[in-house]
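Here the sequence shown stands for residues 9 to 254, where the numbers follow the working numbering. This report concerns only the one structure given below.
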Amino acid sequence: MVSQADGERLRQVQIAVRKLVRRELTAFFDYLNLSRPEAARDALLEFVPYLVEKYGDSAAAMAADWYDELRAAENVPGRFRALAQPSPYLDGVEGTVRRAAGSLFTDTPTAALGVLLGTTEKYVLAAARQTITTSADRDPRASGWRRITRAGACDFCVLLAGRGAVYKEHTVHFAAHGGATGGECNCAAVPDWDPDAPEVDVKLYEASVRTTAWRLAAARGDQRAVERLAQHNALIQRAIAEYVTH
């Protein structure tokens, strides 16, 4: 089983990447001429997808290296190399930027930056998480992947962590979330090579699949998905009461 120290090392990599993304995006936004909202929007439409792909590739490569090093340290038999994956949100970046850029045409144009920071960070880190989950699915010795939470994690993350059980379905993606800006989740996906590891409750599969599908659709501008996410968030506490506290 992946130790707390190993998981923390992966989370620290995620934090470092997040800081780089935040710094570069903030610096770019500060150079924009906000008195010309159309030009600022177009500049963001060109820059943000580049940023997500650039740092997403870096995050994925570091996650793959972490996976391979951990697999070797655990003396897992057989040969396997982790597979770096792109962010699953790449197709939704443009729509997200366009929606955030709406603030550029208001009296509070800087509000666009807050939205972009959260979503861009989430989209970038999704590449690292996708790398771990995909590799764990394809690794013939892995039993699946687990979600590990940081100290003080929110109840939603605790719910999806499933008391340390593993996700085994290749169709289940890592559901990340945040606060108002959407990018504050710093949980991590880690592989598990224990053949006797318990599998998560089917309700958690359903929750992860459902919320991931909605988030991807919302990122593409699907208003119905946005509404469903809002309803889902309102029901989180009820789900926690039914699962976590029992």
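We put the beta carbon where it would ideally sit given N, CA and C, even for glycine.
So, helix, strand or coil for residue i, using DSSP?
i    : result
W74  : helix
D200 : strand
G152 : strand
Y131 : helix
E102 : helix
L28  : helix
Y63  : helix
Y58  : helix
E82  : coil
V174 : strand
Give every residue of the same chain whose Cβ lies closer than 7 Å to the Cβ of residue i, excluding the five residues on either side of it in the sequence, and list them in chain order.
i    : result
A1   : Outside the shown range of the chain, which is 9 to 254, sits residue 1, and nothing can be said about it.
M9   : D200, D202
T142 : L91, Q93
A47  : N41
A120 : A108, A109, S111, L112
D76  : R89, A90
Tell me, to the nearest whole angstrom, how far the beta carbon of residue i is from that of residue j; I am working on the premise that it is less than 8 Å.
i    : j    : result
K130 : G152 : Going by Cβ atoms, the distance from K130 to G152 rounds to 23 Å, so no, they are not a contact pair.
L59  : V105 : With 8 Å as the limit, L59 and V105 do not qualify as a contact, their Cβ atoms being about 10 Å apart.
Y228 : G64  : Looking at the sequence shown, residue 228 is not Tyr but Arg. The pair is not a contact, with the Cβ atoms about 17 Å apart (cut-off 8 Å).
P117 : L42  : 4 Å
V198 : G86  : Not really, about 19 Å apart at Cβ, beyond 8 Å.
W74  : L28  : Wrong, their Cβ atoms sit about 17 Å apart, outside the cutoff.
So, at 6 Å on beta carbons, what are the nonlocal neighbours of residue i in its own chain, with the 5 sequence-adjacent residues on each side left out?
i    : result
V84  : R149, W201
P57  : V101
R7   : Residue 7 is absent from the model: the chain starts at 9 and stops at 254.
F88  : D147
A205 : S151, V174
I156 : G15, A196, V198
P45  : L112, F113
Q20  : none
G103 : R228, G229
For residue i, which residues in the same chain have their Cβ closer than 8 Å to its Cβ, ignoring the five residues on either side in sequence?
i    : result
V25  : Y63, S66, A67, M70, V132, L133, A136
E61  : P94, S95, L98
T114 : none
Q22  : A67, L133, A136, N194, A196
Can we count residue i as close to the ligand HEM, meaning its CB is less than 7 Å from some heavy atom?
i    : result
T141 : Among the components of this structure there are no ligands whatsoever, and the ligand HEM is therefore not found.
State yes or no: is the beta carbon of residue i nearer than 8 Å to at least one beta carbon in chain B?
i    : result
T128 : In the structure shown, chain B does not exist; there is a single protein chain.
Original post:
Taking one C-beta from the segment 31-39 and one from the segment 118-134 each time, how about it: are there three or more such pairs within less than 8 Å?
Top reply: yes
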